[in-house]
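Chemist:
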Amino acid sequence: MAQTIFRRDYCLAACATALSLALTACAVNKQLIPTGGSRADGIVRMSYEYGGFENPKVDLQQGLSSAQQRCGAWGYSGAEPFGGGTRACTSFYQGTCNAWRVTVEYQCTGTPPASR
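Start counting the sequence shown at -18; every next residue gets the next number (the working numbering).
1. Apart from the five residues just before and just after L4, which ones in its own chain have a Cβ nearer than 7 Å to its Cβ?
2. Start and end of the alpha helix (DSSP H) containing G65?
3. Is it buried or exposed for C7, if we count other Cβ within 10 angstroms and need 16 for buried?
4. Determine the extent of the beta strand (DSSP E) in which A80 is found, giving its start and end residues.
5. Smallest Cα separation from V85: which of C70, T71 and E61?
6. Quick one: grab the DSSP three-state call for C7.
Okay, here's the thing in structure tokens:
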């Protein structure tokens, strides 16, 4: 009898541990990629997406470098982050969002290109 109780308690503890590990968000590296912007306004939008069980780790320096390259191609001398990012749900199921897109805007800096 005591052996049966021990096995049941052990099984419950093992199952609870496995469940908590399964529900823990996994750290995932994400890169900001260009998703929009305006050459005339000197704005570059960079985004990344992640799922409900992901804990995104974003290299903001990589995003800034990509935005600076885009601004440079437009004739500006640099870029800087423009405020905070925005998060929007991209996949909604049974009342719960299970995927998001985060977008960060960058303002191109320096002398704007001449109007054409």
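Glycine included, C-beta positions come from ideal geometry on N, C-alpha and C.
Computed from a predicted structure; not experimentally measured.
Modeler: Looking at the coordinates:
1. Legend: pLDDT at L4 = 46, less than 50; position of this residue unreliable, no value from coordinates given.
2. Counting along the chain, G65 falls outside any alpha helix (DSSP H), and DSSP gives it neither H nor E.
3. Around the beta carbon of C7, fewer than 16 other beta carbons lie within 10 angstroms, which makes this residue exposed.
4. Membership of A80 in the beta strand (DSSP E) is indicated by the continuous run T77 to T90.
5. It is E61 whose Cα lies nearest to the Cα of V85.
6. It is a strand residue.
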